[in-house]
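Chains as they are written, first to last, in our numbering: chain A, 8 to 402; chain B, 31 to 153.
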């Protein structure tokens with residue numbers, strides 16, 4: 008059988024062999040606890056300090072502004088809860104968007120329901136871009152924190168973070184961005200972005216799972232959310248995941264050293280997917296037509312359900328993803344597509360293909376070749392595909 | 031996540047299609063929820079002589095639709111009314127728990143088709 012075609016790099020990526028090689032010594036001979044004083048521990052401490060310097064360099068930040076965490080969701084939770092609790096004496100209002108990852112949305116819900124914070128969820132336009140006028144209007148003297156994602160995980164739309172930053176900072180409000188999906192393909196210069204806090208996760212850019220970064224600008228007021236030993240300068244307790252931290256830094260450096268060629272490759276394949284799949288009757292590109300992640304191609308299809316598309320592709324040896332209700336534990340279709348105004352019936356038929364460094368033109372050609380028949384077969388089974396089936400009706 | 035039998039029915043669904051001038055038609059589900067099942071029956075001598083389905087939905091929705099059409103062919107109307115959603119899921123070797131409610135409605139659609147037939151006969 009032909010090799011499996013993996014087109015779900017927004018879900019996770021394989022760890023780069025160079026990253027694995029860099030990590031291995033810290034499981035075995037350099038296994039020491041970085042807080043201990045003997046030689047193997049000092050090796051671990053040195054590696055961790057080096058990793059922190061590397062990350063700081065890529066971000067144009069100071070090493071003291073980098074906190075290693077257990078992943079993107081933890082960084083998001085830390086940013087939201089940490090900043091909300093520490094700044095409550097200044098105000099009770101938080102602004103985010105309707106299209107955030109659930110690590111942000113559910114943290115906001117928690118702050119709202121359990122602690123009485125007031126949350127504004129900003130709308131987006133049909134391409135998923137946040138409404139800056141709505142942001143402007145939502146900011147009040149009571150606002151203490153704004154959290155807006157850098158790029159959307161479902162539809163790939165990139166938010167105008169620099170503009171948002173300018174608007175937010177003129178009001179003296181803290182600004183956090185969830186950059187988990189942007190890490191490894193978009194500019195992470197902290198001074199250019201102007202954010203106070205940022206979340207990253209290694210496994211989105213060929214690093215290991217279970218390790219993330221919380222960038223926090225010097226002078227930002229927030230409360231640590233995990234108490235224990237004084238690791239990470241008291242900002243995130245728990246014995247450090249030395250191998251994971253080394254893996255994070257190695258992967259990040261690799262990603263930003265090869266950024267241009269990676270993005271060129273990923274976007275070339277993405278564009279082939281978009282061109283090929285957009286030709287299928289009743290298929291619609293979701294997200295911004297141009298201002299989107301280099302590797303992300305996302306669609307909805309009339310009269311077919313997303314999970315059925317995924318199962319069919321899996322049987323053909325192709326791995327993809329969908330925001331469909333049937334692929335999640337909830338019964339709601341994607342909150343992102345809903346916020347973008349995609350009709351609910353159509354939102355059930357979503358498909359996301361995200362390219363990566365190991366994909367080839369043959370991979371995407373194969374998808375473009377087999378997908379029309381998959382959609383056609385499912386539509387032939389669908390009671391909703393009547394006379395109007397396949398007539399593009401705009402979006 | 032799905033049993034081999036579910037995947038087999040998903041890949042090769044039995045009795046897909048419509049019956050022109052069907053004796054009964056039943057629809058269950060809602061496009062907003064992501065599952066719509068439509069079942070057509072032909073009744074002869076008090077038995078289900080032919081049955082076809084059309085379904086919009088996930089793998090479980092398609093497989094349960096296919097399975098219920100296999101289970102019901104040749105059955106009397108009373109026997110057919112006794113086939114439950116649970117029995118269809120069991121015949122498929124079980125479904126993931128999250129699918130038991132949202133996508134396991136094929137027997138309900140069948141029952142609606144039988145009721146449709148009965149109401150037409152009465153009229």
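Glycine is no exception: its CB is placed at the ideal position from the N, C-alpha and C atoms.
Query: Counted within 10 angstroms of its Cβ, other Cβ atoms place residue 273 (chain A) as buried (16 or more) or exposed; Result: buried
Query: The segment 198-208 of chain A touching the segment 28-43 of chain A, judged by at least three CB pairs closer than 8 Å; Result: no
Query: Contact set between the segment 348-361 of chain A and chain B, restricted to residues whose Cβ is under 8 Å from the partner; Result: 351, 352 and 355
Query: Cβ of residue 126 (chain B) within 8 Å of any chain A Cβ; Result: no
Query: Residues that residue 408 (chain A) bridges to, as DSSP identifies them; Result: Because chain A spans 8 through 402 in this model, residue 408 (chain A) falls outside it and cannot be assessed.
Query: Residues near residue 19 (chain A) in its chain [Cβ-Cβ closer than 8 Å; skip 5 each side]; Result: 210, 211 and 216
Query: C-alpha gap between residue 82 (chain B) and residue 42 (chain B), whole angstroms; Result: 14 Å
Query: Reduced DSSP secondary structure (H/G/I, E/B, other) of residue 298 (chain A); Result: coil
Query: Residues near residue 329 (chain A) by beta carbon distance below 7 Å, same chain, minus five either side; Result: 313, 314, 316, 317, 357, 358 and 359
Query: Alpha carbon of residue 152 (chain A) to alpha carbon of residue 367 (chain A), nearest angstrom; Result: 42 Å
Query: The segment 135-142 of chain A / the segment 67-79 of chain A touching (three or more Cβ pairs under 8 Å); Result: no
Query: CB contact below 8 Å: residue 401 (chain A) versus chain B; Result: At residue 401 (chain A) the pLDDT is 36, less than 50, meaning the model places this residue with poor confidence and gives no usable figure here.
Query: Simplified DSSP state of residue 57 (chain A), which is helix, strand or coil; Result: helix
Query: Chain B contacts made by the segment 266-298 of chain A, where a contact means CB separation under 7 Å; Result: none
Query: Chain B contact residues for residue 85 (chain A), given Cβ-Cβ distances below 7 Å; Result: Neighbours of residue 85 (chain A) on chain B: none; closest Cβ ~30 Å, over 7 Å.
Query: Among A:114, A:84, A:128 and A:85, the one whose alpha carbon lies nearest that of residue 104 (chain A); Result: A:128
Query: Nearest-angstrom Cα separation, counted from residue 71 (chain B) out to residue 15 (chain A); Result: 41 Å
Query: Pair within 8 Å by beta-carbon distance, residue 253 (chain A) and residue 58 (chain A); Result: yes
Query: For residue 286 (chain A), the nearest candidate out of A:24, A:380, A:87 and A:185 (CA to CA); Result: A:380
Query: Contact check, residue 88 (chain B) vs residue 33 (chain B), beta carbons under 8 Å; Result: no
Query: Residue 90 (chain B) in three-state terms, based on DSSP; Result: helix
Query: Limits of the alpha helix (DSSP H) - the one that residue 216 (chain A) falls within; Result: Neither: residue 216 (chain A) is in no alpha helix (DSSP H) and is coded neither H nor E.
Query: Alpha-carbon spacing of residue 206 (chain A) relative to residue 84 (chain A), whole angstroms; Result: 10 Å
Query: Under 7 Å from the C-beta of residue 318 (chain A): neighbouring residues of chain B; Result: 40 and 89
Query: Proximity test, Cβ basis, 8 Å: residue 340 (chain A) and chain B; Result: yes
Query: For residue 320 (chain A) and residue 308 (chain A), the rounded distance between their alpha carbons; Result: 15 Å
Query: Residues that DSSP places opposite residue 204 (chain A) in a beta bridge; Result: A:183 and A:223
Query: Whole-number beta carbon distance between residue 94 (chain A) and residue 181 (chain A), since they are thought to touch under 8 Å; Result: 7 Å
Query: Segment contact flag, the segment 139-153 of chain A with the segment 165-175 of chain A, C-beta cutoff 8 Å, min 3 pairs; Result: yes
Query: Member of B:80, B:59 and B:124 whose CA lies at the smallest distance from the CA of residue 50 (chain B); Result: B:80
Query: Alpha helix (DSSP H) runs wholly inside the segment 331-379 of chain A, at least 4 long, in chain order; Result: 342-346 and 351-354
Query: Alpha carbon of residue 304 (chain A) to alpha carbon of residue 363 (chain A), nearest angstrom; Result: 12 Å
Query: Alpha-carbon to alpha-carbon, residue 299 (chain A) and residue 197 (chain A); Result: 20 Å
Query: Under 9 Å (Cβ pairs) to chain A, residues found in the segment 62-84 of chain B; Result: 62, 63, 64, 65, 66, 67, 68, 83 and 84
Query: Close Cβ partners of residue 106 (chain B) (< 7 Å) along its chain, the five nearest in sequence each way excluded; Result: 76 and 77
Query: For residue 343 (chain A) and residue 112 (chain A), the rounded distance between their alpha carbons; Result: 12 Å
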